[in-house]
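Whatever position you read off the first sequence (first residue = 1), add 1124 for the numbering used here. Working notes, beginning with the structure itself.
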Amino acid sequence: MDKSFDAAAAESRISDAWEANGCFKAGANAKPGAAPYSIMIPPPNVTGVLHVGHAFNNTLQDVLIRWHRMRGFDTLWQPGTDHAGIATQMVVERELAKQGKSRRDMTRAEFLNHVWAWKKQSGGTIVKQLKRLGASCDWSRLAFTMSGAPGAPAGEEGNFHDAVIKVFVDMYDKGFIYRGKRLVNWDPHFETAISDLEVENIETAGHMWHFKYPLAGGQTYEYVEKDADGNVTLSETRDYISIATTRPETMLGDGAVAVHPDDERYKPIVGMLCEIPVGPKQHRRLIPIITDDYPDPNFGSGAVKITGAHDFNDYGVAKRAGIPCYRLMDTRAHLRTDGAPYAEAARIAQEVANGARVLTEAEADALNLVPDHLRGLDRYAARQRVVDDITAEGLAVMTRADDPRLGKDALKPGAEGAETPVPLVEAKLITQPHGDRSKVVIEPMLTDQWFVDTARIVGPALEAVRSGRTRIMPEQHRKVYFHWLENIEPWTISRQLWWGHQIPVWYDADGAMYCAPTEAEAIAQSGGKPLTRDPDVLDTWFSSGLWPIGTLGWPEQTPELERYFPTSTLVSGFDIIFFWVARMMMMQLAVVGDVPFRDVYVHALVRDEKGRKMSKSIGNVLDPLELIDEFGADALRFTLTSMAAMGRDLKLSKERIAGYRNFGTKLWNAARFAEMNGCKPVAGFDPSAVTQTVNKWIVGETARVRIAHDEALSGYRFNDAAGALYAFVWGRVCDWYVEFAKPLLAEGDAGVVAETRATMAWVIDQCLILLHPTMPFITEELWGAIAPRDTMLVHAEWPSYGTDLIDAEADREMGWVIGLIEEIRSIRAQMHVPAGLKVQLLQVEIDARGQAAFARNAAMIERLARLSSVTPVAAMPKGAVTVAAEGAVFGLPIADLIDVAEEKARLEKTLEKLGREIAGLKGRLDNPKFVESAPEDIVDEARENLAARAAEAEKLAAALARLASIG
RNA sequence: GGGUGAUUAGCUCAGUGGUAGAGCGCUUCGUUCACAUCGAAGAUGUCGGGGGUUCAAAUCCCUCAUCACCCACCA
């Protein structure tokens, strides 16, 4: 065997062997009559490359799957990828752009061919990367959320598309899906609607302008402001109403100005008309001043302009008050260029405002109220023009340059100075919605879209978690889940993209809708009319919401669906609880009436060592593949598993991974030691039949760690499971058992040597088995290297031994031996005894139990404490250092080597510490309430502790006294 | 504006009622035949502040402070 594990060389070889032997296939290694255990992989984007988050998520899944597989469950880990509508279309369009091509120059079918071609070429990347991590998915079942879609090339067959379409049609028929013109989040970059969840609200520096809307016909009113006590603080005659806005360009689409019904300041003018201070003077529009509960009298001027087509709040007000919504922008958020010239549109709008005319929604939408000189401008360019125009006209509200409201980032055109009036433009932090993919500011847009009426299917999803039919762990995420579902809004599912599942709805010439799985059926429904299909596709999450049943063959009642659904565990990051987990719950319950999974384990985010989210722009991204290259997949996996404490973000650093790489090397060398000492696995070895104390002890320790590991993993406490294994392998097996075994193997009689070899081989095997779920590669390699085996380690039998292997007497004895060795080592180090020098141990007094323990383990103690001999003496000689152990006193005659003062200091320090402990224990035991109320075992433990500490203190006090007599 | 979580050794973090641990780092020593990707020994903590419950609090409750994240329509 080499000195260390060559991960780079071994990993691909081992991976190939696992796959070649079908080790990961559904049901592989299942015991007869085994219970199913299934996990659905969160499908990574087909465009994706493996990042640390994937590595984390999939490591945890693999640990669970490998553990269950070894335990003989009928396992399925279902892999696959997601077509990721927007993300993929974005990538392919970018690729096309490099070749000077654009989607707009080709037909839909042509573009989709490009996407499929791209998917074929690079869609397998992430799958290969998952394999490098060691993910033991049943790769023969690799699924894709667009398989079987029309236009899919050979090799992309499957029925996922059919399942998605069937669900859409069913939900449409039940009325769970509807179409309507609504204000939706519009991404001007991708030119599509997106759902609420795809919007990120980001606080950005912005401005709030204050403008005057003149009252129609030069009317005036007395504007009165009062303080909280009702004292008048301002009273003046005004011919305008002051409006504050962060988006002046939307003034063009105003349909009204709203004030709160209780706002005394504006009561005189409610019902009047005021003028929008933009556009050609001769066609300036007048709009009504209305009341609504929405305006907050304490914010801004208390008056809000109502632009129903470009603001969600305004939309609500407009709907309530019957104010028309005038759309100002096109799909790119440029001001509209279509429709009649401004003069004509403004005239019609004015008739509406005057109450002389009523527009239908469609008529209002067709009206382009953008003044001619602003048409075609980008929204931000338009904003500047509008502000300039109004300011030039003198309709900006003026204030003094030292007005604190202006803030340091306020726009202050013209002269500076406190006495100089400037337009009131407040510098303000504005929370603005951004597209999570495009990063551009979202424009609320009035468009026709498809929606899932989530309120109608949310009930069962709430109930399933409330009742515990599906468990969400850690518990805190239940609240998040409940909160979101209890306040759920309709889900916008249509996207104005080409890559995705096209909505199965057709329209006839009159606009009547026909929803059917195929065009032929839609035509039949219509009675044979010519139809055109809705061009939109479905939100990616609509199809991934069907991932559990879709991958198992639904709507066919396949054996896999029968066997593995509902799935056992879902492992997901908290960031997609709403996007994915909640929607899978709702949709599976709505479609097949059952929960998609029993347990949901929600893990945290991986961050960099400074706790920042990893992002390309910061440049702090750790590439898992590079980490695997550098440290091996096992090291990365063990690190992630060790850090997977529930509910907390984890900060990943290379140092930590290096530490666990070293752990692998440690294991490797323990196995190497075993090999070099002829420790071969013995068929039929019975761990309960060993006779040597040290062997009994390590067998018991092995049982302990198996129990601890399994309990931890059953509760999804991955870090505890990994920690227990680490402490056992390094802290018990390597630090002690291997060292104990050395003298036995070198000097023991034939029987002892044979038993120790067999035990050592067994212990190493147990280490490999127990570590395999977290460190599959190195353990598989060692498994094969140690001996010829019937099966690969991936299919080895998981042990079930329990506490019956723990021998209390062996435990106690080895605890005593280890304690004694540590004590002697500690004294040697503190007294500066040269490490290589062997010293004599004097046995001053020892009870029968200690005598026996010492005798059985003398060779080990001598070796590990570096003793030259052990000599019984009648009394502690002068100059010997006292070594106190339970039931015994030893001495180290190292007088000529030590400094009396130093030894005195050592004893005093130890005594002081003991004294504190004794005082604490005494204090508790002297308190009658403690003895009465505390559990018996706690009290007993305290008593035993006190006795042991007191005995030790006594011995050390004696030693100190003796030392004083010398000095 | 709501909500959730965090605050423990120099750093990163475990620890859900019994008197505080790990890894890394640090100090000293070590070429003992598995391993220097190692070994031995060691130092370092008013467990964020304050109050309460309890025989007993890092742990439960209240409060304050700071930080992080999520959700949210203040023009």
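In this text, a Cβ means the ideal position worked out from N, Cα and C, and glycines have one as well.
Contact set for residue i: own chain, Cβ-Cβ below 7 Å, skip 5 residues either direction
i                  : result
aspartate 1496     : Pro1465, Tyr1466
phenylalanine 1797 : Val1862
leucine 1570       : Lys1305, Leu1307, Ala1433, Cys1449, Arg1451, Asp1489
alanine 1845       : His1833, Ala1836, Leu1837
First through last residue of the beta strand (DSSP E) which encompasses residue i
i                  : result
arginine 1973      : Not the beta strand (DSSP E): arginine 1973 falls in the alpha helix (DSSP H), residues 1972-1988.
cysteine 1449      : From DSSP, cysteine 1449 is part of no beta strand (DSSP E); its letter is neither H nor E.
phenylalanine 2014 : 2012-2016
valine 1716        : No beta strand (DSSP E) holds valine 1716; DSSP gives it neither H nor E.
Residue range of the unbroken alpha helix (DSSP H) whose run includes residue i
i               : result
tyrosine 1439   : 1436-1445
asparagine 1843 : 1842-1850
serine 1139     : 1131-1144
alanine 1433    : Run containing alanine 1433: none; DSSP gives neither H nor E here.
aspartate 1533  : Premise fails: aspartate 1533 is in no alpha helix (DSSP H) and is neither H nor E.
glutamine 1213  : 1209-1222
Pick from the options that is closest to residue i, judged by C-alpha positions
i                  : options                            : result
aspartate 1859     : Trp1623, Phe1787, Val1170, His1238 : Phe1787
serine 1668        : Lys1155, Gly1151, Val1170, Lys1252 : Val1170
threonine 1616     : Leu1894, Glu1835, Trp1574          : Trp1574
glycine 1341       : Asp1363, Leu1358, Phe1335, Tyr1347 : Asp1363
alanine 1728       : Arg1471, Ile1700, Lys1255          : Ile1700
glutamate 1645     : Pro1628, Asp1634, Asp1660, Gly1635 : Pro1628
glutamine 1343     : Thr1328, Thr1361, Met1332          : Thr1361
arginine 2030      : Leu1965, His1956, Arg1973          : His1956
lysine 1820        : Asp1931, Leu1837, Val1730, Met1453 : Asp1931
glycine 1440       : Ala1380, Arg1409, His1458, Gly1403 : Ala1380
serine 1104        : Met1899, Ile1948, Thr1898, Gln1890 : Nothing in the structure corresponds to residue 1104, since the chain is present only between 1125 and 2091.
isoleucine 1165    : Trp1201, Ala1150, Ile1596          : Trp1201
tyrosine 1605      : Glu1327, Arg1195, Val1726          : Val1726
tryptophan 1310    : Gln1620, Asp2023, Arg1761          : Gln1620
isoleucine 1367    : Ala1179, Thr1880, Asp1420          : Asp1420
histidine 1384     : Gln1406, Lys1350, Val1428, Trp1333 : Val1428
histidine 1178     : Trp1242, Ser1128, Ala1259, Arg1218 : Ala1259
phenylalanine 1689 : Met1270, Ser1562, Val1716, Asp1417 : Val1716
glutamate 1947     : Thr2006, Arg1980, Ala1959          : Thr2006
glutamate 2106     : Ala1457, Val1494, Val1997, Lys1350 : Any property of residue 2106 remains undetermined from this structure, which presents the chain solely from 1125 to 2091.
methionine 1125    : Thr1927, Leu2038, Ile1910          : Ile1910
proline 1480       : Ala1486, Glu1487, Ile1472          : Inspection of the sequence shows that residue 1480 is occupied by alanine rather than by proline. It is Ile1472 whose Cα lies nearest to the Cα of alanine 1480.
Span separating the alpha-carbon of residue i from that of residue j
i               : j                  : result
glutamate 1684  : alanine 1977       : 59 Å
aspartate 1533  : alanine 1551       : 5 Å
glutamate 2060  : glutamate 2041     : 20 Å
histidine 1601  : tryptophan 1678    : 29 Å
isoleucine 1514 : phenylalanine 1335 : 8 Å
asparagine 2051 : serine 1950        : 35 Å
leucine 1906    : isoleucine 1893    : 11 Å
leucine 1670    : valine 1176        : 26 Å
leucine 1535    : proline 1401       : 20 Å
aspartate 1526  : aspartate 1512     : 22 Å
aspartate 1971  : threonine 2034     : 24 Å
tryptophan 1623 : lysine 1443        : 34 Å
Beta-carbon proximity list for residue i, same chain, < 8 Å, skipping 5 on both sides
i              : result
valine 1293    : Pro1628, Cys1639, Ala1640, Pro1641
threonine 1578 : Ile1612, Glu1613, Pro1614, Trp1615, Met1710
Contact set for residue i: own chain, Cβ-Cβ below 6 Å, skip 5 residues either direction
i               : result
alanine 1131    : Gly1756
threonine 1431  : Thr1374, Gly1377, Asp1378, Asp1438
tryptophan 1630 : Tyr1638, Ala1646, Leu1655, Arg1657
aspartate 1632  : Ser1650, Lys1653, Leu1655
lysine 1155     : Gly1196
Inter-stretch contact at 8 Å, needing at least 3 Cβ pairs: the segment 1180-1188 / the segment 1911-1926
no
Check whether the segment 1773-1781 touches the segment 1791-1798, counting contact only when three or more Cβ pairs, one atom from each stretch, lie closer than 8 Å.
no
With a threshold of 8 Å, are at least 3 pairs of Cβ atoms found where one atom belongs to the segment 1598-1615 and the other to the segment 1555-1568?
no
At least 3 beta-carbon pairs within less than 8 Å: the segment 1867-1881 vs the segment 1800-1815
Output reads yes: the segment 1800-1815 touches the segment 1867-1881.
For the pair the segment 1285-1301 and the segment 1246-1260, tell me if three or more CB-CB distances fall below 8 Å.
no
Flag this pair as touching only if the segment 1955-1969 and the segment 1985-2005 have three or more C-beta atom pairs under 8 Å; answer yes or no.
These segments touch.
Contact the segment 1847-1857 vs the segment 1936-1953: 3+ CB pairs below 8 Å
no
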